[in-house]
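In my numbering, the protein residues as written are 213 to 454.
Set out below in structure tokens:
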């Protein structure tokens with residue numbers, strides 16, 4: 213590579229503007245995110261969703277940009293990320309009515325929040341409303357919808373180095389939201405944002421469909437929406453337990 217002769221050979225201050233977040237690199241990011249999605253469950257052929265009707269989009273990660281990049285991104289600019297909410301609006305078209313509700317905080321555990329937000333950025337944002345008020349809003353949206361899409365899971369720094377959890381289920385605040393949504397009787401599609409496998413016993417028993425999207429990156433919302441609406445058939449795999 214010639215780096216022994218010239219260690220600074222490839223340093224060029226004009227490169228970032230030409231090489232980072234271009235149309236081509238965004239397209240590659242979206243393709244990688246689509247290919248990594250794993251369809252864990254799809255009862256009654258709930259997915260792909262139709263590009264008509266009303267969708268209740270709920271969950272603390274549904275309108276998150278910060279947590280789409282996952283951990284260890286360092287120089288990644290999360291403000292350039294596409295949220296799932298924006299991605300669905302981009303992909304679904306004008307015949308789909310999207311009712312958004314946060315529904316819950318990622319966690320209500322003060323110690324976990326402190327440790328997750330240790331680098332000074334609020335990966336876990338605490339809403340001014342009570343958990344009960346947020347769930348009520350989400351259930352109201354669900355009752356007005358044809359299908360529920362719940363975007364839940366972990367904040368970026370809840371996984372990775374020095375981020376072990378004694379309980380790798382979905383945090384209680386989000387579990388309470390999911391249980392309230394399931395009681396509406398509407399089809400419940402769970403989109404998982406996480407950096408590791410999670411314990412999903414209740415979710416597997418009660419959700420209609422489950423899509424593992426991991427930390428989808430800069431083009432997160434557009435990639436997830438493409439999978440939800442059938443523009444891309446999820447092909448990601450995980451190891452099978454026997």
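Beta carbons are placed, not taken as given, at the ideal position from N, Cα and C, and that holds for glycine.
For residue 417, the closest of 318, 243, 401, 217 by C-alpha to C-alpha distance is 401.
With contacts defined as CB atoms closer than 9 Å, residue 250 and residue 362 fail to qualify as a contacting pair.
Cα atoms of residue 405 and residue 273: separation of roughly 7 Å, rounded to the nearest angstrom.
The region 426-438 makes no contact with the region 382-396, as fewer than three CB pairs between them are under 8 Å. Look at the beta carbons and you see the region 232-249 not touching the region 320-333: under three pairs across the two are nearer than 8 Å.
The straight-line gap separating the alpha-carbon atoms of residue 265 and residue 355 is approximately 13 Å.
Fully contained in the region 323-375 are the following alpha helix (DSSP H) runs of length 4 or more, in chain order: 343-355. For residue 281, the three-state secondary structure derived from DSSP is coil.
For residue 248, the CB contacts under 7 Å within the same chain, skipping 5 residues up- and downstream, are 426, 448 in chain order. Between residue 436 and residue 288, the C-beta spacing is not below 9 Å. Here DSSP, grouped into helix, strand and coil, assigns residue 398 to coil.
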